[in-house]
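Asks: One structure follows; several queries about it will come next.
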Amino acid sequence: MLTIDGLQYSNWSREIFEQMREGGVNAVHATLVYHENTRETLSRFGDWHRRFEQHADLIMPVYEPADIERARDSNRVGVFFGAQNCSPIEDDIDMVAVMRRLGLLIMQLTYNNQSLLATGCYEANDPGITRFGRQVIEEMNRVGMIIDMSHSSERSTLEAIELSRRPVIISHANPASFHPAKRNKSDEVLKALADSGGLLGFSVYPFHLKDGPDCTLESFCNMVADTAELMGVDHIGIGTDLCQGQPQSVLDWMRNGRWSKEMDFGEGNKSNAGWPAPLEWFRDNRDFPNLISGLRQKGFAVTDIEKIMGRNWLHQLTQGTPAES
2 MLTIDGLQYS
12 NWSREIFEQM
22 REGGVNAVHA
32 TLVYHENTRE
42 TLSRFGDWHR
52 RFEQHADLIM
62 PVYEPADIER
72 ARDSNRVGVF
82 FGAQNCSPIE
92 DDIDMVAVMR
102 RLGLLIMQLT
112 YNNQSLLATG
122 CYEANDPGIT
132 RFGRQVIEEM
142 NRVGMIIDMS
152 HSSERSTLEA
162 IELSRRPVII
172 SHANPASFHP
182 AKRNKSDEVL
192 KALADSGGLL
202 GFSVYPFHLK
212 DGPDCTLESF
222 CNMVADTAEL
232 MGVDHIGIGT
242 DLCQGQPQSV
252 LDWMRNGRWS
262 KEMDFGEGNK
272 SNAGWPAPLE
282 WFRDNRDFPN
292 LISGLRQKGF
302 AVTDIEKIMG
312 RNWLHQLTQG
322 TPAES
């Protein structure tokens, strides 16, 4: 079974790559940056080039969707890159094509806050996609970079879906009807996403789940089934948002970047400021088989499980990231 994880930002190491292979992961969307500028993004690419050299027996880069099949055939994990913010392009639209050529397949238009392109899910007001954002959406479509609205607010997400000529994704979130986190998405957004050919990747990050770390596998799979009814099974996948082995400093960087002098606790709070406890049934990459078992117990057909676990992601990448025109 082809297994693709639609989002991780783990503390990458040989041990984690080995766990991925043990868990049957064939490819992963790895977050390259959060708030880094263009120069810093180039350094993050350099870090990964060194990993590919040092662990060539375990991992390989994905520059086009066909590389995922090549990775599986060579018993390695394919790694494709995304940015969780638009900071890598700064205020220069030419950087969209440059980053795509370097291997950035996916980019979020914003991360929680208002950006030069769109509004984040933590803002009180949502004016939608900006003038620059409209230009960047068109350019991302042209060069084959997928638009990700995981951390964006309602109006901005709906406008991005409407404006984009290519399908938009929400790589790691859950329905707000399941758990009303600011990061989770309304049924209106999910329906629009499916109608436009896009994809939702289900998150196992406890702050995105009903009952948090105590969310059961059965409850999670019930959510998947309900969303399949809403969106259709062809428009859902997995985007774990796994941040395995990351220190508190990384969580603080995600939430605060360089924009705030005061501590921002994101989806946590002052009394719950750290990483949430992991789910019992999904602690690390070795637990992907638990997801498969849970979907089987829920009654999903084998072909539908294959779609959810990876085939839908491969299809999305194939239609969303063509060679640059």
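With the working numbering applied, the sequence shown has no gaps in its numbers, which climb one by one up to 326 at the end.
Just so it is clear, CB atoms sit at the ideal spot from N, CA and C, and this is done for glycine as well.
(1) Given a threshold of 16 other Cβ atoms within 10 Å of its Cβ, counted over all protein chains shown, does Asn286 qualify as buried or as exposed?
(2) Near Gly246, which residues of its chain fall below 8 Å by C-beta distance, leaving aside the five closest residues on each side in sequence?
(3) Need the endpoints of the beta strand (DSSP E) that Asp1 sits in, please.
(4) Going by other Cβ atoms of all chains shown within 10 Å of its Cβ, with 16 needed for buried, is Ala161 buried or exposed?
(5) Could you compute how far the alpha carbon of Met100 sits from the alpha carbon of Ile90?
(6) May I ask which residues mark the beginning and end of the beta strand (DSSP E) holding Pro66?
(7) Hey, would you say Leu280 sits closer than 9 Å to His236, going by beta carbons?
(8) Run through DSSP, which three-state label would Gly240 get?
(9) Give me the Cα-Cα distance between Cys241 and Leu110, rounded to the nearest whole angstrom.
(10) Roughly how many angstroms separate the alpha carbons of Glu325 and Asn185, rounded to a whole number?
(11) Excluding sequence positions up to five away, which residues of its chain have a Cβ less than 6 Å from the Cβ of Ala119?
(12) Using a Cβ-Cβ cutoff of less than 8 Å, which residues in the same chain neighbour Ser75 once the five nearest sequence positions on both sides are dropped?
(13) Comparing C-alpha positions only, which one of Gln85, Gly7 and Phe203 sits nearest to Trp1?
(14) On the three-state DSSP scale, how would you describe Met224?
(15) Taking DSSP as the reference, what is the three-state secondary structure of Met108?
(16) How big is the Cα-Cα spacing for Ala72 and Gly311?
(17) Roughly how many whole angstroms lie between the Cα atoms of Leu159 and Gly321?
(18) Provide the residue span of the beta strand (DSSP E) that contains Val29, from first to last.
(19) Pick out whichever of Gln317, Gln136 and Ser116 has its Cα sitting closest to the Cα of Pro128.
(20) Secondary structure at Ser172, three-state DSSP: helix, strand or coil?
(21) Verify whether the separation of the beta carbon atoms of His209 and Glu268 is less than 9 Å.
(22) What is the residue span of the alpha helix (DSSP H) that Val303 lies within?
(23) Tell me which same chain residues have a C-beta within less than 6 Å of the C-beta of Leu33, skipping the five on either side of it?
(24) Suppose the cutoff is 7 Å on Cβ atoms and the five residues either side in sequence are ignored; what does the same chain contact list for Ser197 look like?
(25) Name the one or two DSSP bridge partners that Val234 has.
(26) Where Ser344 and Pro207 are concerned, what is the direct C-alpha to C-alpha distance, given to the nearest angstrom?
(27) Should Glu260 be labelled buried (16 or more other beta-carbon atoms within 10 Å of its own) or exposed?
Replies: On the basis of the coordinates in this document:
(1) buried
(2) Ser11, Asn12, Ser14 and Ile17
(3) With the chain covering only 2 through 326, there is no way to say anything about residue 1.
(4) buried
(5) 8 Å
(6) Neither: Pro66 is in no beta strand (DSSP E) and is coded neither H nor E.
(7) no
(8) coil
(9) One detail in the question is off: residue 241 reads as Thr in this sequence, not Cys. For Thr241 and Leu110, the distance between alpha carbons rounds to 20 Å.
(10) The predicted position of Glu325 is uncertain, since its pLDDT is 49 and thus under 50; a value taken from the coordinates is nonetheless stated next. Each residue's Cα considered, the two are about 32 Å apart.
(11) Leu110, Thr111, Ile130, Gly134, Ser153 and Ser157
(12) Met61
(13) Summary: the structure shown does not reach residue 1, with the chain confined to residues 2 through 326, and so no result is reported for it.
(14) helix
(15) strand
(16) 14 Å
(17) 18 Å
(18) Ala28 to Val34
(19) Ser116
(20) strand
(21) yes
(22) Val303 to Glu307
(23) Arg45, Phe82 and Ala84
(24) Ile162, Pro168 and Val169
(25) Answer is none; Val234 lacks a bridge partner.
(26) The requested residue 344 is not part of the displayed model; the chain covers only 2 to 326.
(27) Just to set this straight, residue 260 is Trp in the shown sequence, not Glu. Classification of Trp260: exposed, given that the 10 Å Cβ count is below 16.
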